[in-house]
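In UniProt numbering, the protein residues as written are 1 to 475.
Even glycine gets a Cβ: it sits at the ideal position worked out from N, Cα and C.
Remember, predicted model here, so these are calculated numbers, not experimental data.
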Ligand SMILES: [Zn+2]
């Protein structure tokens, strides 16, 4: 029997507001432990929460960016549970009335565009952080009360790859909208996943497990691959899948059972009595809409329509806000969009990848890349040399003209000089000349390669082609 996976994600994103959700403490990451707190975020008896309006602004913005409906009247709820990092013994969150619902994100799969539904987005407070040291557990409350949105998708994904594509796209949209810094290594973007398997074509859902603690795109994909295999094998062996929470152990490459899954009713949700209803009107929504920047999908369409970029290029360039800014800066500086795109898709991304760097880390500017492109277009340097200049520019951030001048890389266009090299190469390779005379045209390519090599890549390729042909005929 063939199986298919059914995957849904729950993503927590810390909002980039300056202060916490119910008090004026800073949300800044790090800091001396337990210094970013007050009676409210420490959950001391009698302290009363006041909702930070900016949190609602950011959450509405996230909702609009993810094509959601914004719900006009919602309320906060208490989710009751005991854990040392939540000193109130409850979390203030939203339960029956999320601020945003019924949205979607489009991902580019091998079978084409696929729409992944967003069931809901609600606002809530983050808990403190437990640090386990030997026999002791210590708690840092700096994170307690940092505003979060929880984004819950519909169970629309069918493979680990789709889940990864969705999570990457979601992160990109949140970054474009500027609602979260999405730093996974600092925990400001966290992903839990629900996964079950069922016979392919079935409409019923299997028993799902939840996997926690995936802090990278790769971890998400790998954990899902493992868990799907585990569930399918269990079913084939006649075992029952247990609804439970598991965690991903990166070093073992396995998901490990943590506890049986709690049901919503275990939390005894009830409306938070210390807070009034949250009412959002059209004017508020319109005000947020007006601040929405161009999002990746719109940008992609514009690159394809206005700049004539292939869809593939447009997809990759718009996947990162910073990369898109770099591209647009170069175009505004007068370079041909397709040429810039070729450089970005080629040398730029390849080098960034090799060095495990981001576009924001580079030493050179988009203006310098434009200058490099101009040097090639004016014929000052060849494409081959341009790649060498690029590598140097990447390392040092020096101007391309300066690199060309310092290293003597100006293209040789002097026909006499090139003819001299051609004849030297022909003299040294009598076999290739003989091959050519015997009709083996492949020999020409070899000779051209040798001439380019002898000129250290500086000879103008068109002139080399022409002269090799001329000189061969003379022999
Ligand atoms: Zn506080």
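- With a threshold of 16 other beta carbon atoms within 10 Å, residue 276 falls short and is exposed.
- Looking at the DSSP output, residue 26 shares a beta bridge with 19.
- Nearest to residue 5 by C-alpha distance, out of 196, 227, 182, 432, is 196.
- Excluding five sequence positions before and after residue 166, the CB atoms of its chain that fall closer than 8 angstroms to its own CB belong to 9, 105, 107, 116, 153, 157, given in chain order.
- DSSP lists 80 as the beta-bridge partner residues of residue 90.
- Closest by C-alpha distance to residue 303, out of 39, 325, 284, 282, is 325.
- In the three-state scheme derived from DSSP, where H, G and I count as helix and E and B as strand, residue 5 is classed as strand.
- Residue state for residue 392 is assigned as helix, using DSSP reduced to three classes.
- In the DSSP assignment, residue 210 falls within the unbroken beta strand (DSSP E) covering 209-214.
- In summary, residue 44 is exposed, with fewer than 16 beta-carbon neighbours lying within 10 Å of its beta-carbon over all protein chains present.
- Per the DSSP secondary-structure output, residue 246 pairs in a beta bridge with 211, 257.
- If you keep only unbroken alpha helix (DSSP H) runs of at least 4 residues inside the segment 350-438, you get 366-377, 383-396, 400-406, 415-428, 430-437.
- Per the CB criterion, closer than 5 angstroms to any heavy atom of ligand 1, the qualifying residues run in chain order as 23, 25, 38, 40, 41.
- Residue environment for residue 128: buried (at least 16 other C-beta atoms within 10 angstroms of its C-beta).
- Counting only unbroken stretches of 3 or more residues, the beta strand (DSSP E) elements lying wholly within the segment 98-161 are 100-109, 112-125, 129-133, 136-140, 147-153, in sequence order.
- Around the beta-carbon of residue 256, fewer than 16 other beta-carbon atoms lie within 10 Å, marking it exposed.
- Residue state for residue 279 is assigned as strand, using DSSP reduced to three classes.
- The beta carbons of residue 76 and residue 60 sit about 16 angstroms from each other, so the pair does not count as a contact at 8 angstroms.
- Residue 45 sits in coil when the DSSP states are folded into three classes, being neither helix nor strand.
- Listed as beta-bridge partners of residue 74 by DSSP are 278.
- C-alpha of residue 339 to C-alpha of residue 373: approximately 8 angstroms in a straight line.
- Annotated three-state conformation of residue 195 is strand, per DSSP.
- Annotated three-state conformation of residue 189 is strand, per DSSP.
- Residue environment analysis places residue 99 among the buried positions, since at least 16 neighbouring C-beta atoms fall within 10 angstroms of its C-beta.
- Per DSSP, residue 339 is one residue of the alpha helix (DSSP H) stretching across 337-343.
- Closest option to residue 271, judged by alpha-carbon separation, among 74, 465, 341: 74.
- Only exposed fits residue 83, as fewer than 16 other CB atoms lie within 10 angstroms of its CB.
- A straight-line Cα-Cα distance of about 7 angstroms links residue 52 and residue 20.
- Under DSSP, the beta-bridge partners assigned to residue 12 are 150, 190.
- DSSP places residue 296 in the helix class (H, G or I) of the three-state scheme.
- Counting other Cβ atoms within 10 Å of its Cβ, residue 357 stays below 16 and is therefore classed as exposed.
- Under the three-state reduction of DSSP output, residue 461 falls in the helix class.
- In terms of CA proximity to residue 175, 318 leads the group 274, 318, 287.
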